[in-house]
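>
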Amino acid sequence: MADIALDRPAAASREGASAWSRLRTSRGWLGLWFMAPAALILLLFLAFPLVKGIWLSFTDTRIGRGGAFVGLENYEWLWDDSVFWLSVFNTLLYTAIASVAKFGIGLYLALLLNKRLPFKALIRSIVLIPFVVPTVLSALAFWWIFDSQFSIISWSLRHLGLLDHNIDFLGDPTWARTCVIFANIWRGVPFIAITLLAGLQTVSPSLYEAATIDGATPWQNFRHITFPLLTPIIAVVMTFSVLFTFTDFQLIWAMTRGGPVNATHLMATLSYQRGILSGSLGEGAAIATAMVPFLMLAIMISWFGLQNRKWQSG
Numbered sequence: 015m016a017d018i019a020l021d022r023p024a025a026a027s028r029e030g031a032s033a034w035s036r037l038r039t040s041r042g043w044l045g046l047w048f049m050a051p052a053a054l055i056l057l058l059f060l061a062f063p064l065v066k067g068i069w070l071s072f073t074d075t076r077i078g079r080g081g082a083f084v085g086l087e088n089y090e091w092l093w094d095d096s097v098f099w100l101s102v103f104n105t106l107l108y109t110a111i112a113s114v115a116k117f118g119i120g121l122y123l124a125l126l127l128n129k130r131l132p133f134k135a136l137i138r139s140i141v142l143i144p145f146v147v148p149t150v151l152s153a154l155a156f157w158w159i160f161d162s163q164f165s166i167i168s169w170s171l172r173h174l175g176l177l178d179h180n181i182d183f184l185g186d187p188t189w190a191r192t193c194v195i196f197a198n199i200w201r202g203v204p205f206i207a208i209t210l211l212a213g214l215q216t217v218s219p220s221l222y223e224a225a226t227i228d229g230a231t232p233w234q235n236f237r238h239i240t241f242p243l244l245t246p247i248i249a250v251v252m253t254f255s256v257l258f259t260f261t262d263f264q265l266i267w268a269m270t271r272g273g274p275v276n277a278t279h280l281m282a283t284l285s286y287q288r289g290i291l292s293g294s295l296g297e298g299a300a301i302a303t304a305m306v307p308f309l310m311l312a313i314m315i316s317w318f319g320l321q322n323r324k325w326q327s328g
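Convert by adding 14 to the 1-based position in the sequence shown; the result is the number in the working numbering.
(1) Identify, in the order they occur along the chain, each residue of the same chain with its Cβ nearer than 7 Å to the Cβ of T270, setting aside the five sequence neighbours on each side.
(2) Could I get the ranges of all uninterrupted alpha helix (DSSP H) runs contained in the segment 69–119, with 4 residues as the minimum, in chain order?
(3) Whose C-alpha, out of V146, F308, V147, I181, is nearest the C-alpha of Q163?
(4) Using the C-alpha atoms, what's the distance from G120 back to L70?
(5) Do you know how far the Cα of S220 is from the Cα of I227?
(6) Check whether the Cβ atoms of A282 and F308 sit closer than 7 Å, and answer yes or no.
(7) Per DSSP, what kind of secondary structure is L58 in: helix, strand or coil?
(8) Whole alpha helix (DSSP H) runs in the segment 236–274 with 4 or more residues, listed along the chain?
(9) Counting only runs that start and end within the segment 124–172, where is the alpha helix (DSSP H) found for 4 or more residues in a row?
(10) Can you tell me whether Y108 is buried or exposed? The criterion is at least 16 other CB atoms within 10 Å of its CB, across all chains shown.
(11) Can you give me the C-alpha to C-alpha distance between S1 and L210, rounded to a whole angstrom?
(12) Determine the direct distance from the alpha carbon of S255 to that of S292, and round the result to whole angstroms.
(13) Between which residues of its own chain and I143 is the CB-CB distance below 8 Å, once the five residues before and five after are set aside?
(14) Under three-state DSSP, which class holds V217?
(15) Which class does A197 belong to by DSSP, given the choice of helix, strand or coil?
(16) Determine the extent of the alpha helix (DSSP H) in which L295 is found, giving its start and end residues.
(17) Between which residues of its own chain and L295 is the CB-CB distance below 7 Å, once the five residues before and five after are set aside?
Below is the structure:
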């Protein structure tokens, strides 16, 4: 019995040594340990606020006062709230138009920049400027461009004799929606263009040479070579574009504050207005939580699409 007791520490030591040796030789375990700090940060700064926000959406918490559990009361209130449904419509319209326009313009710029152009490196740097400029600074610039009194557009059209009055860009609901969508497109196009350009750089020129020898037209080259090979990159970049556009806050808040008459309120800006400015944290959290199903839908579409090998290979 004494010998068995003496062998147990030795066996434990051997097991510890073998576990450490496996950790040193296994890429999976090593990768897990390298990912642990990043995972901890994500849990702390992403998962915890998300769970906390979902919990607040089921309470009547206000700023400066703890709340009680009220179940689905906040969601029932939102179901009958016309402003909330207007913000949902605005968010879907804003995301759909801006994302489609950004993809079309970004793909065109990527194809253009992939050609042999003089000063191509300089042009690429210029294209990136809208994306690297701070969002609030861009919003203030567009706010001045579309100002009802000092708009450079109205001033130019008046001096050309095409108008006899200023256009109230941000005071009219239709014009205001158009302006914020235009500003988002201007800011988001460089991200898509540069990402797709990086994908185009990986396409082998020999594929185009072989297709040209077979008599393929430029459109056929794009349809049967370029687009299929870019499809996985398009799926990823458009997923990010939709997520960024759907959750946009800074651009809208700096330009219109959701006005006029809530015409440009997105779900993110309405959540901030109800939760922070009005003090109803529970209601604001409910609006923010209502965004999650839309975001999950966009992610799942991309995920299932990328899992389809036939679709991925074009």
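Beta carbons: idealized from backbone N, C-alpha and C, even for Gly.
Let me spell this out:
(1) If we look at T270 and ignore the five residues flanking it on each side, its Cβ neighbours are L184, A190, V194, T278.
(2) Uninterrupted alpha helix (DSSP H) stretches at least 4 residues long and entirely within the segment 69–119 occur at 87–93, given in chain order.
(3) That would be I181, whose Cα lies nearest to the Cα of Q163.
(4) In this structure, the CA atom of L70 is about 39 Å from the CA atom of G120.
(5) So the two alpha carbons sit approximately 10 Å from each other.
(6) In this structure, F308 does not lie closer than 7 Å to A282 by Cβ.
(7) Per DSSP, reduced to three states, the secondary structure at L58 is helical.
(8) The segment 236–274 is shown to contain whole alpha helix (DSSP H) runs of 4 or more residues at 241–260, 264–269, in chain order.
(9) Annotation note: the segment 124–172 contains the following uninterrupted alpha helix (DSSP H) runs of length 4 or greater, listed N- to C-terminal: 134–146, 149–159.
(10) With a threshold of 16 other beta carbon atoms within 10 Å, Y108 meets it and is buried.
(11) Nothing can be reported for residue 1, as the shown portion of the chain is limited to 15 through 328.
(12) The C-alpha of S292 lies about 30 Å from the C-alpha of S255.
(13) Excluding positions up to five away in sequence, the list reads P204.
(14) In this structure, V217 counts as coil in the three-state DSSP scheme.
(15) For A197, the three-state secondary structure derived from DSSP is helix.
(16) For L295, the enclosing alpha helix (DSSP H) begins and ends at 295–304.
(17) So the qualifying residues of the chain are L70, T75, R76, I77, G289.
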